[in-house]
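Here the structure comes first, spelled out in structure tokens, and everything after it is commentary.
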């Protein structure tokens, strides 16, 4: 198909806290508490659930952040609806409410928008309700695959910023190179925007521009500002 170019306060409440075990001989032996099938709800000041944290095993340490093995983090919007499900190999849980997930991190949208994100590390700020990563990001919405150098997102909104060098790959073989992309995730569509320099490449065109507005559903790309193109 061708393209048309034109909390303030946080309350912690443990759901299930089985009795802590005494440290047996294992690879992790310096912990002071171990909890199997760990679960934790976090509420905002309005008593709305903002995060739900689960882990196969929880370890706490005297002078280090807690360790979660095989964690799952569910985020919620201001209306209490699920927004994202994050899974990883492990995570560190800090006293300031930050959760740093590491190792094959996968994020799936739960709000009607159809996309997922893969990376090696991402931080969840449970007080600011935000996600942030400075690692390689692979974003996929079924129509476009995007590789970025990082991301930040307020998960109470529908918008995310993919940062650094950006490479967008389309199913039809088209490719777009740019920087710092704003992704507006709607229920049945995704809009990509950037004011940065854009290089659009396809079998029929090679175009340079100074900005872009891309409607994924309509498959329309609007290139703006000093557009220079070669067509075959």
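Numbering (our numbering), first residue to last: 15 to 246. Yeah, the Cβ is synthetic: ideal placement off N, Cα and C, and Gly gets one too.
Three-state class that DSSP yields for residue i in the structure shown
i	result
residue 169	coil
residue 164	strand
residue 59	coil
residue 39	Confidence at residue 39 is low in this model, with a pLDDT of 45, below 50, so its placement is unreliable and the value that follows should be read with caution. The answer is coil: DSSP assigns residue 39 none of H, G, I, E or B.
residue 231	coil
residue 208	strand
residue 143	coil
residue 226	strand
residue 111	coil
residue 125	coil
residue 23	Per-residue confidence for residue 23 stands at a pLDDT of 41, beneath the threshold of 50, marking its modelled position as unreliable; the derived number appears in the next sentence. Of the three classes helix, strand and coil, the one that applies to residue 23 here is coil, per DSSP.
residue 117	strand
residue 218	coil
residue 187	coil
residue 178	strand
Proximity below 9 Å, CB of residue i to CB of residue j
i	j	result
residue 224	residue 211	yes
residue 197	residue 175	yes
residue 92	residue 60	yes
residue 113	residue 137	yes
residue 158	residue 183	yes
residue 214	residue 230	no
residue 101	residue 86	yes
residue 130	residue 153	yes
Burial state of residue i (16 or more Cβ within 10 Å)
i	result
residue 226	buried
residue 248	No answer is possible for residue 248: the residues shown for the chain start at 15 and end at 246.
residue 155	buried
residue 48	buried
residue 42	exposed
residue 98	buried
residue 238	exposed
residue 105	buried
residue 77	exposed
Beta bridge counterpart(s) of residue i as assigned by DSSP
i	result
residue 88	66 and 99
residue 74	47
residue 154	130 and 159
residue 194	BP columns for residue 194 are empty, so no partner.
residue 239	According to DSSP, which records beta bridges pairwise, residue 239 is partnered with nothing at all.
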